[in-house]
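Some notes on the structure that comes next.
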Amino acid sequence: MTGKTQELSAVEERLRRAIEAYHEAALAYAAVKLALPDRIGERPVTAEELAAALGLSAPHLRRLLRGLVSIGVCEELPDGAFALASGGRSLRASSPSRLDKKASIVVEQYWRPWAELAATVTTGTPAFEHVFGRPVGEWRRHHAEQGAMFDAYLAGQTLAHADAVVAALDLSRVATVADIGGGYGGLLAAFLGTDRKLRGILFEEPHRLDGARAFLEPLGLGERVTFVAGDIFTEIPVEADLYLLSGVLQQWDDARAGAILKACRRAMPDGARVSIIERLMPERAADDPAAVMLDLHMMAITGGKTRTLDEFKALFAAAGLKLIGVGVTPVGLAVVEARGT
């Protein structure tokens with residue numbers, strides 16, 4: 008086999024694995040949907056026992072459990088019973104991995120729009136709207152349980168991986184941090200955890216604030232946060248030393264992203280700065296495939312995009328801001344900072 012033939016074979020095998028990956032995602036989702044990781048518990052159980060307890064078809068459940076063995080969720084014992092493997096414990100509702108919520112969000116909210124990427128390329132509108140008939144934000148408000156699951160998952164993930172972002176920012180002259188469009192406040196929680204004297208402001212749509220309080224109060228942060236409801240595109244009536252926009256601008260086209268920055272600029276007192284936390288689009292796709300995939304995700308779900316540094320500079324200039332610094336965290340997120348001109 009020649010070198011070129013081997014290379015082609017490796018590429019084809021990688022594509023084959025990618026195409027067939029839906030099997031594993033669907034198996035994990037089925038396990039979560041049926042609550043199998045939580046119901047199996049620590050004691051091995053037969054398919055018949057589990058089916059009787061859950062009102063399921065025992066022969067079909069056995070086949071599903073054997074499929075879960077193949078992806079490390081379950082273990083099949085010599086006597087035919089099934090025990091939970093390490094992957095299964097990661098899918099429990101109490102797991103800090105939150106993979107149960109990720110499986111649900113991916114399959115119930117993202118799977119069909121991603122399958123309709125061609126519709127986005129054809130029409131120029133997000134595939135999510137093509138599939139569900141309305142923009143993703145409106146759909147999540149209308150399907151409150153789905154929206155709350157997404158917001159809670161995102162807050163937990165953000166808090167768990169926020170250390171690198173906090174470390175990248177100079178907080179020496181910061182007394183108040185405003186998290187603009189910060190969901191349930193996962194990133195804000197990380198900042199407040201670094202200094203008990205630091206105060207926070209969470210600016211969000213009204214329907215998210217109750218969930219944000221429920222997320223922040225058990226962390227002992229509720230009394231240090233001012234919750235402000237409003238429209239991110241028109242007015243941001245909060246005054247702070249540092250304004251955080253984490254994963255916000257990437258959800259919108261240039262016109263909407265520019266409106267958000269202009270609203271921030273109008274609110275910023277002298278000396279304040281705004282920090283954008285997002286991946287930067289590389290000049291070449293091979294330089295950061297994750298940024299390219301995120302760009303496609305925004306195209307399909309929200310209609311937004313991943314931007315280059317030059318594109319951020321243009322948005323800043325139009326909003327009366329100037330770039331003052333760029334850093335990249337170990338996890339690939341960029342921290343792009345600006346002040347008023």
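Residue numbering for the sequence shown follows my numbering, beginning at 8 and increasing consecutively. Beta carbons are placed, not taken as given, at the ideal position from N, Cα and C, and that holds for glycine. As the structure is a prediction and not an experimental result, all values here were calculated from the model.
By DSSP's criteria, Lys329 is part of a beta bridge. Which residues make up the other side?
Locating residue 329 in the sequence shown gives position 322, counting from the first residue. DSSP output for Lys329 lists Arg346 as bridge partner(s).
If contacts are defined as beta-carbon pairs under 8 Å, then Ala266 and Ala185 qualify, I think. What distance do you get, rounded to the angstrom?
Within the sequence shown, numbered from 1, the residue matching residue 266 stands at position 259. Within the sequence shown, numbered from 1, the residue matching residue 185 stands at position 178. About 17 Å separates the two Cβ atoms, so there is no contact after all.
Return the chain-ordered list of same chain residues with a C-beta closer than 7 Å to the C-beta of Ala92, the five sequence neighbours on each side being excluded.
Reading the sequence shown from its first residue, position 85 is the one you call residue 92. So the qualifying residues of the chain are Gly79, Val80, Cys81 and Glu82.
Could you give the residue range of the beta strand (DSSP E) that holds Arg280?
Residue mapping note: residue 280 aligns to position 273 of the sequence shown, counting from 1. Element bounds for Arg280: Arg280 to Glu285.
Specify the secondary structure class of Phe135 as computed by DSSP and reduced to three states.
The count along the sequence shown starts at 1 and reaches residue 135 at position 128. DSSP places Phe135 in helix when its eight states are reduced to three.
Please report the residue range of the beta strand (DSSP E) in which Arg206 lies.
The residue labelled residue 206 in the question sits at position 199 within the sequence shown. Element bounds for Arg206: Arg206 to Glu211.
Would you mind giving the Cβ-Cβ distance between Arg206 and Ala174, rounded to the nearest angstrom? I have them listed as a contact below 8 Å.
Along the sequence shown, read from residue 1 onward, the residue named residue 206 stands at position 199. Along the sequence shown, read from residue 1 onward, the residue named residue 174 stands at position 167. Actually they are not in contact, since the Cβ atoms of Arg206 and Ala174 sit about 20 Å apart, beyond 8 Å.
So, using beta-carbon positions, are Gly334 and Ala341 closer together than 8 Å?
Residue numbering aside, residue 334 sits at position 327 when the sequence shown is read from its first letter. Residue numbering aside, residue 341 sits at position 334 when the sequence shown is read from its first letter. Contact: yes.
In whole angstroms, give me the CA-to-CA distance for Leu34 and Ala54.
Counting from one through the sequence shown, the residue named residue 34 turns up at place 27. Counting from one through the sequence shown, the residue named residue 54 turns up at place 47. Near 16 Å, if we compare the C-alpha coordinates of Ala54 and Leu34.
Looking only at its chain, what residues have a beta carbon closer than 7 Å to the beta carbon of His214, apart from the 5 residues adjacent to it on each side?
On the sequence shown, position 207 is the one that residue 214 refers to. The answer, listed in chain order, is Arg148.
Classify Asp260: buried if its beta carbon has 16 or more other beta carbons within 10 angstroms, exposed otherwise.
Walking along the sequence shown from the start, residue 260 turns up at place 253. By the 10 Å Cβ count, Asp260 comes out exposed.
On a Cα-Cα basis, can you pick out the residue from Glu19, Tyr29 and Ile112 that is closest to Val39?
Working through the sequence shown from its first residue, we reach residue 39 at position 32. Checking every option, the nearest Cα to that of Val39 belongs to Ile112.
Closest to Gly131 by CA distance: which of Val343, Gly192 and Gly311 is it?
Reading the sequence shown from its first residue, position 124 is the one you call residue 131. Gly131 has its Cα closest to that of Gly311, out of Val343, Gly192 and Gly311.
Cys81 bridges to which residues according to DSSP?
In the sequence shown, residue 81 corresponds to position 74, counting from 1. Note: Cys81 sits in a beta bridge opposite Leu91.
Around the Cβ of Lys108, are there at least 16 other Cβ atoms within 10 angstroms (buried) or fewer (exposed)?
For the purposes of this step, residue 108 is taken as the residue at position 101 of the sequence shown. With 16 or more Cβ atoms within 10 Å of its Cβ, Lys108 is classed as buried.
Any idea if Pro44 is buried or exposed, counting beta-carbon neighbours within 10 angstroms, 16 or more meaning buried?
Your numbering for residue 44 matches position 37 in the sequence shown. Answer is buried; the Cβ neighbour count reaches 16.
In the DSSP assignment, the alpha helix (DSSP H) including Phe157 goes from what residue to what residue?
Against the sequence shown, residue 157 aligns to sequence position 150. For Phe157, the enclosing alpha helix (DSSP H) stretches over residues Ala151 to Ala167.
Comparing C-alpha positions only, which one of Ala125, Leu194 and Ala126 sits nearest to Ala159?
The residue labelled residue 159 in the question sits at position 152 within the sequence shown. Among Ala125, Leu194 and Ala126, the Cα nearest to that of Ala159 is on Leu194.
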